[in-house]
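>
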Amino acid sequence: MADPRFFKNDGPFSLGEILNHCSIDNYELDKNIMIDDVSYLSGASKGNISFIDDMSLINDLKSSKTEFCFISKKYISYAPKSISLVICEQPRSSYAITAQKFYPDISDVSMIYKTNISKKNIDIHESSNISESSYISEGVQIGKNSIIGPNTVLGKGVQLGDNCLIHSNVTITHCLIGDNVEIFPGTRIGQDGFGFIPHTKKHLKIPQLGRVLVGNNVNIGANCTIDRGAGPDTVIGEGCFIDNLVHIAHNVCLGNGCIIAGQVGIAGSTTIGNHVMIAGQGGISGHLKIGSGSKFAVKSGVINDIPAGGTYGGFPAVPIRDWHRQTVKIKKISGKNRGKK
Numbered sequence: 010m011a012d013p014r015f016f017k018n019d020g021p022f023s024l025g026e027i028l029n030h031c032s033i034d035n036y037e038l039d040k041n042i043m044i045d046d047v048s049y050l051s052g053a054s055k056g057n058i059s060f061i062d063d064m065s066l067i068n069d070l071k072s073s074k075t076e077f078c079f080i081s082k083k084y085i086s087y088a089p090k091s092i093s094l095v096i097c098e099q100p101r102s103s104y105a106i107t108a109q110k111f112y113p114d115i116s117d118v119s120m121i122y123k124t125n126i127s128k129k130n131i132d133i134h135e136s137s138n139i140s141e142s143s144y145i146s147e148g149v150q151i152g153k154n155s156i157i158g159p160n161t162v163l164g165k166g167v168q169l170g171d172n173c174l175i176h177s178n179v180t181i182t183h184c185l186i187g188d189n190v191e192i193f194p195g196t197r198i199g200q201d202g203f204g205f206i207p208h209t210k211k212h213l214k215i216p217q218l219g220r221v222l223v224g225n226n227v228n229i230g231a232n233c234t235i236d237r238g239a240g241p242d243t244v245i246g247e248g249c250f251i252d253n254l255v256h257i258a259h260n261v262c263l264g265n266g267c268i269i270a271g272q273v274g275i276a277g278s279t280t281i282g283n284h285v286m287i288a289g290q291g292g293i294s295g296h297l298k299i300g301s302g303s304k305f306a307v308k309s310g311v312i313n314d315i316p317a318g319g320t321y322g323g324f325p326a327v328p329i330r331d332w333h334r335q336t337v338k339i340k341k342i343s344g345k346n347r348g349k350k
């Protein structure tokens, strides 16, 4: 369920209303059944409608508590009997259209800057210091001994723990932040994830209904971007240190104590274990699982799951010794061919 502090749900809607909205007409279940919300399979509950369109979601489907699921014919055999199946050709598109119906406006209207501090339901501890030029929206909570720098924006419902230092020109929305967190200038947290379905006439946007959860003792450098989740949350584990100019996409989960150097990009829905180290300009593809304690050299390109504990380099990233062997062989080959015409 989308967090009501950040998103307004216009439901519930009957199954019949949803089917009509998605132009699905071949269906036999009771169309008067009410549906409360949309949700990805992993976080769904009774009254929700989800989708599956990829084998990577099979385990989520088998364990999901969702009541309804948009599904194509080839995945029907994997679905548990407890889930009512809405069979369609494009499950993800149907889900996106349904999510737009439940959440037609997910913009933060509180970001219209009429005054520097909104007066609605704000809870700021008296020991914290807020710059006069910052903008604090309704429903924001700020703990003890925290500092908010000039021209920083905290959107509706944002929560900030104790002893935090948020520097100037930072934008934070749809986000819950722990204690002892420092965020450097120019960073944007909680913005829309890059979620859409390509179409020839018009790309279909998937509403991004998750949050960003930042643990305790996290350090986030300047000009980073951390997108909120699409349904699941984006998670930054405790004790992570993130350098400048890092991009973390929607649904990424960083474990505890990770160190991410400058200009690293991590694509959506990748899970990274504890104490992972990624050197500068590394790129991690989406929907991967990166084991705890693994390390990646400069400009590593990771396109496959990585087990725990190893050190990797190159593109595609391979164990570091293999990468060095590749480099030596390429050097020898290029040396042999240098004098040839």
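Read left to right, the sequence shown gives residues 10 to 350 (this note's numbering).
For every residue, glycine included, the Cβ atom is placed at its ideal position computed from N, Cα and C.
It should be emphasised that the depicted structure is a prediction, and the values quoted were computed from it without experimental measurement.
Under the rule that 16 or more other beta-carbon atoms within 10 Å means buried, what is residue 190, buried or exposed?
buried
> DSSP on residue 69, reduced to helix/strand/coil?
helix
> Use the C-beta contact count for residue 200: other C-beta atoms within 10 angstroms, 16 or more gives buried, fewer gives exposed.
Its Cβ being crowded by 16 or more others within 10 Å, residue 200 is buried.
> For the beta strand (DSSP E) containing residue 322, name the first residue and the last one.
320-322
> Would you list the residues sitting across from residue 223 in a DSSP beta bridge?
Paired residue(s): 186, 245.
> At 3 residues or longer, what runs of the beta strand (DSSP E) sit wholly inside the stretch 137-186?
If we require 3 residues or more, the beta strand (DSSP E) runs fully inside the stretch 137-186 come out as 184-186.
> According to DSSP, simplified to helix, strand and coil, what is residue 27?
helix
> Mind checking which residues open and close the alpha helix (DSSP H) that includes residue 14?
Unbroken run through residue 14: none, as it is neither H nor E.
> Do residue 51 and residue 74 have their C-beta atoms closer together than 7 Å?
no
> I'd like to check one pair, residue 60 with residue 87: are the Cβ atoms closer than 7 Å?
no
> Return helix, strand or coil for residue 237, following the three-state DSSP convention.
coil
> Tell me which residues share the same chain as residue 97 and place their Cβ nearer than 6 Å to its Cβ, disregarding the 5 neighbours each side in the sequence.
33, 79, 103
> Within a Cβ cutoff of 6 Å, which residues of the same chain sit near residue 129, ignoring the five residues on either side of it in sequence?
Cβ within range, chain order: 147.
> Drop a sphere of 10 angstroms on the beta-carbon of residue 76, count the other beta-carbons inside from all chains shown, and report buried for 16 or more, exposed for fewer.
buried
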